[in-house]
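*Asks:* Quick one: this structure, given as structure tokens, is what I'll be asking you about.
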Amino acid sequence: MHIGAADLAELIALCRSEIDRNCAHLSDLDSAIGDGDHGANMRRGLEAVFAEREAIAALALPDALERIGTILVMNIGGAAGPLYGTLAMELGRAMSERGGAPDFAASLERAIAAVARRGRSGPGDKTLLDVLYPVQVEVLRRSAPARVAECAQSAAQSTQAMQARRGRAAYLGARSIGHEDPGASSCALLTATICRYLREHDAP
Ligand code: ADP
Ligand code: MG
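With the sequence shown counted from 1, adding 2 to any position gets you this note's numbering.
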């Protein structure tokens, strides 16, 4: 998978509309097992990135990702802000340390590990990591974007069967079972949007 910095403004616009379109759905999921603000949180974050998209797209991709991460931390808020922020910032850092030939898969692996440390969470805790881990596996396998998107969406659905062990939903204990995790759902939506873009533009 490859994203050119020149395309970034358009991709940001697509992510922002996807979150906007699904805002009520994400908040409904969060109402069932949390406090009902996940859609609004994500919308605020993506609006802020969208507002700066031209300046972001003018940066080299690693710097652009770091900037996106900072904006997400400052604007999503809640538990998800620092986690999405860490993902983008660490991805940018890992890519810039690799200099001229960034290995996207290895950088993503490092960024996801940083999210897990930040959230003190792992597989099966019913969080956005339950989407990120399967996505990482597909990216390391160099799967086609369509396959990665499919995998993200089914991974988000699989969180229904899990009992939450992190975040607000963990307070519900077994009552969290039977509901899709809102963070996993937003993560799958964003993954699918990025993958659709790559499929339509430059990926095989
Ligand atoms: P808040 O819980 O503060 O209201 P949001 O509603 O925006 O924040 O985000 C909730 C989502 O954040 C959850 O659905 C889950 O995916 C994710 N999340 C919360 N806590 C953690 C954690 N410790 N590790 C990983 N993800 C988490
Ligand atoms: Mg919430």
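Where a beta carbon is used, it is the ideal one built from N, C-alpha and C, also for glycine. None of these values were measured; they are calculated from a predicted model.
#1: Suppose only complete runs of 3+ residues qualify. What are the beta strand (DSSP E) ranges in the segment 49 to 81, listed by chain order?
#2: Does residue 105 pass the burial test, meaning 16 or more other C-beta atoms within 10 Å, or should it be called exposed?
#3: According to DSSP, is residue 8 part of a helix, a strand, or is it coil?
#4: Between which two residues does the alpha helix (DSSP H) holding residue 132 run?
#5: Given that a residue counts as buried once 16 or more other Cβ atoms are within 10 Å of its Cβ, and exposed if not, what is residue 32?
#6: If contact is defined by three or more beta carbon pairs under 8 Å, each pair taking one atom from either stretch, is the segment 106 to 113 in contact with the segment 136 to 154?
#7: Round the Cβ separation of residue 58 and residue 69 to the nearest angstrom and send it over; I've been treating them as touching at under 8 Å.
#8: So the alpha helix (DSSP H) residue 120 belongs to, where does it begin and stop?
#9: If you run the structure through DSSP and keep just helix, strand and coil, what is residue 27?
#10: Give me the Cα-Cα distance between residue 187 and residue 99, rounded to the nearest whole angstrom.
#11: Give me the Cα-Cα distance between residue 65 and residue 131, rounded to the nearest whole angstrom.
#12: Quick check on the burial criterion: 16 or more other C-beta atoms within 10 angstroms. Buried or exposed for residue 37?
#13: Can you give the beta carbon distance from residue 189 to residue 148, rounded, assuming they're within the 8 Å contact cut?
*Replies:* Answer, in terms of the structure:
#1: Taking 3 residues as the minimum length, the segment 49 to 81 contains no beta strand (DSSP E) run wholly inside it.
#2: exposed
#3: For residue 8, the predicted model reports a pLDDT of 47, less than 50, meaning its position is unreliable; a value from the coordinates is still stated below. Here residue 8 sits in helix by DSSP.
#4: 131 to 142
#5: buried
#6: Contact annotation: the segment 136 to 154 touches the segment 106 to 113, with at least three C-beta pairs closer than 8 Å.
#7: 5 Å
#8: 106 to 121
#9: helix
#10: Linking residue 187 to residue 99 through their CA atoms gives a straight-line distance of about 31 Å.
#11: 24 Å
#12: Answer is exposed; the Cβ neighbour count stays below 16.
#13: Contact flag wrong, Cβ pair sits at about 17 Å.
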